[in-house]
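Residue 1 is where the sequence shown starts when you use the UniProt record's numbering, and the numbers rise one by one after that.
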Amino acid sequence: MQTTDPLIIAAIALAFTHFSIPITYYWYLRTRWLNSLWNIVVDPSHTPMISVIVPTYNEAGFIEGKLDNIYDQEYPRDRIEVVVVDSASTDGTPERVLEWSNRHPDIALKLVREPVRRGKAHALNEALKHVSGEIVIITDADSRLLGRDSLKKVAAYLSDPSVGAVSCVKIPEASGPEGIEASYRGFYNVLRVAESNLHSTPVFHGELAAFRRNLLEEVGGFPTDIGSDDSHTATLIALKGYRAIIARDLVCEEAIPRKGYHMWRVRRAQHLVQHFWKILRARHKVPKRFKTVLYTETYLHLFNPWILLAAAILLAASAATGSLLAILLLALGLALLLFKPYRAWIATQLYLIAAAVRNLWTRELAWEKTLK
1 MQTTDPLIIA AIALAFTHFS IPITYYWYLR TRWLNSLWNI VVDPSHTPMI SVIVPTYNEA
61 GFIEGKLDNI YDQEYPRDRI EVVVVDSAST DGTPERVLEW SNRHPDIALK LVREPVRRGK
121 AHALNEALKH VSGEIVIITD ADSRLLGRDS LKKVAAYLSD PSVGAVSCVK IPEASGPEGI
181 EASYRGFYNV LRVAESNLHS TPVFHGELAA FRRNLLEEVG GFPTDIGSDD SHTATLIALK
241 GYRAIIARDL VCEEAIPRKG YHMWRVRRAQ HLVQHFWKIL RARHKVPKRF KTVLYTETYL
301 HLFNPWILLA AAILLAASAA TGSLLAILLL ALGLALLLFK PYRAWIATQL YLIAAAVRNL
361 WTRELAWEKT LK
């Protein structure tokens with residue numbers, strides 16, 4: 001058995017790098033920051049005008065339930081306005097919005113219709129022309145706010161002048177194929193909350209993303225050249241010195257595709273890859289306490305998956321020459337897939353690799369509707 005095979009040595013070094021950095025980062029955030037005080041002064045009595053934007057495209061099956069979810073919020077009714085921006089739906093979504101509005105005349109609702117579908121960010125920027133709130137919240141039609149005090153909590157967090165944007169912890173309504181989604185979200189939520197305690201997180205959620213309206217205007221609204229409009233906008237706000245946080249007590253439920261799950265994950269990964277490349281190229285001055293988070297997350301999304309791929313290729317090349325050690329290491333990697341957290345991690349790396357490759361020919365800014 002040749003234990004000095006340079007391909008195996010290189011593969012082990014790459015695999016060690018790939019796994020050690022995220023494990024160390026996770027351990028550091030979980031032990032040092034997850035349960036730390038985050039120095040935010042919350043005012044529960046803060047009730048500014050809130051504009052809730054709901055972008056829609058063929059959401060007839062979800063929109064009335066979504067509007068009910070907003071209507072049930074324990075927030076002064078005269079301090080809420082809802083703006084539904086519809087991107088050329090063909091399933092009667094706008095008509096259902098109008099019918100719902102007629103049944104609920106005690107809440108202000110505006111329907112903005114786009115004649116053609118140009119992507120979510122275009123729709124959000126169009127909706128911004130019609131809002132009057134001090135706080136702007138975007139929320140997906142197929143998600144649910146878990147808690148009737150969600151808007152009150154958003155307003156309370158944004159009462160602190162250091163906070164510029166707030167998002168939610170999200171939980172999947174289903175565990176996903178082989179339990180991948182549920183396992184992935186468990187680790188993911190720990191990171192997002194701990195990053196927020198440290199300073200800010202560069203990953204926001206379309207299920208609930210709230211912004212100070214004046215800061216949205218300062219950063220030019222939502223970017224239309226990439227797909228991760230919520231995360232990128234929040235990160236730009238963090239780069240201006242404000243905090244962009246995910247609060248552990250703000251929870252939303254996310255619908256999971258009944259089919260096409262893997263393509264759905266690849267598309268989401270594409271948008272995050274676009275977001276981090278754009279931030280990397282922008283070369284903004286990063287607030288000191290945000291540097292560790294932003295630089296590590298950029299590395300994890302853009303570079304770390306390729307290190308794993310390189311390690312696998314080197315092991316496969318060594319195995320092809322008959323190396324028993326390489327064969328055993330590859331077999332060990334496959335056997336570990338029985339362990340759910342490892343399986344979820346490997347799936348995420350594959351999604352990021354596929355996303356980076358797919359971005360070379362399509363950015364998926366306006367995609368086919370996924371059945372949920």
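Built from N, CA and C at the ideal position, the CB exists for glycine as well.
Quick caveat: nothing in here was measured; it's all calculated off a predicted structure.
Could you give the distance in angstroms between the alpha-carbon of R243 and the alpha-carbon of L325?
Here residue 243 is taken as the residue at index 243 of the sequence shown, counted from 1. Here residue 325 is taken as the residue at index 325 of the sequence shown, counted from 1. Their backbone Cα atoms lie some 48 angstroms apart in a straight line.
Checklist entry - If you draw a straight line from the alpha carbon of E207 to that of I246, how long is it in whole angstroms? => result For the purposes of this step, residue 207 is taken as the residue at position 207 of the sequence shown. For the purposes of this step, residue 246 is taken as the residue at position 246 of the sequence shown. One C-alpha to the other measures close to 12 angstroms.
Inset, instruction - Consult DSSP for S143 and reduce its assignment to one of helix, strand or coil. - result: Within the sequence shown, the letter at position 143 stands for residue 143. S143: strand per DSSP, three-state reduction.
>> Tell me which residues share the same chain as F222 and place their Cβ nearer than 7 angstroms to its Cβ, disregarding the 5 neighbours each side in the sequence.
In response: Start at 1 with the first residue of the sequence shown, and residue 222 comes out as number 222. Closer than 7 angstroms at the Cβ level, and outside the excluded window around F222, lie A121, L124, N125, D229, T233.
Q | Residues sharing a beta bridge with A210, DSSP | A | The residue you call residue 210 lines up with position 210 of the sequence shown. DSSP lists I137, V166 as partners of A210.
Could you say if the segment 194-209 and the segment 276-295 meet the contact criterion of at least three C-beta pairs nearer than 8 angstroms?
yes
| field | N69 classed as buried or exposed, judged by whether at least 16 other C-beta atoms fall within 10 angstroms | value | The residue given as residue 69 occupies position 69 in the sequence shown. By the 10 Å Cβ count, N69 comes out buried.
Worksheet entry | Exposure label - S323; buried when at least 16 CB within 10 Å | Here residue 323 refers to the residue found at position 323 of the sequence shown. Classification of S323: buried, given that the 10 Å Cβ count is 16 or more.
Worksheet item: Looking only at C-alpha atoms, which of V52, A347, D149 sits nearest to V112?
Response: As a position in the sequence shown, residue 112 is number 112, starting the count at 1. Nearest option by C-alpha distance: V52.
(message) For the beta strand (DSSP E) containing K259, name the first residue and the last one.
(response) Mapped onto the sequence shown, residue 259 falls at position 259. Per DSSP, K259 belongs to no beta strand (DSSP E) and is neither H nor E.
| field | Top-ranked residue by Cα proximity to R363, from N35, L350, S101, A269 | value | By 1-based counting over the sequence shown, the position of residue 363 is 363. Comparing Cα-Cα distances from R363 to each of N35, L350, S101, A269, the minimum goes to A269.
Nearest-angstrom Cβ-Cβ length linking L14 and A311, presumed shorter than 8 angstroms | Position 14 of the sequence shown, counting from 1, holds the residue named residue 14. Position 311 of the sequence shown, counting from 1, holds the residue named residue 311. Contact holds; Cβ gap of about 4 angstroms.
Practice problem: Please go through the same chain and pick out, in chain order, the residues whose beta-carbon is closer than 6 angstroms to the beta-carbon of V154, but skip the five residues on each side of it. | Solution: To locate residue 154, count along the sequence shown from 1; it is residue 154. Excluding sequence neighbours, V154 sits near V166, A210.
What residue range is occupied by the uninterrupted beta strand (DSSP E) comprising A244? Looking up residue 244 in the sequence shown gives position 244. Run containing A244: 243-254, per the beta strand (DSSP E) assignment.
Report yes if the CB atom of V163 is closer than 8 angstroms to the CB atom of I40, and no otherwise. Mapped onto the sequence shown, residue 163 falls at position 163. Mapped onto the sequence shown, residue 40 falls at position 40. Cβ distance < 8 angstroms, so V163 and I40 count as in contact.
- prompt: Counting along the chain, where does the beta strand (DSSP E) carrying V54 start and finish?
  reply: For this step, residue 54 is matched to residue 54 along the sequence shown. V54 -> beta strand (DSSP E) spans 50-56.
> Leaving out five residues before and five after H284 in sequence, what residues of the same chain have Cβ atoms less than 7 angstroms from its Cβ?
Replying inline: Here residue 284 is taken as the residue at index 284 of the sequence shown, counted from 1. Around H284: L239.
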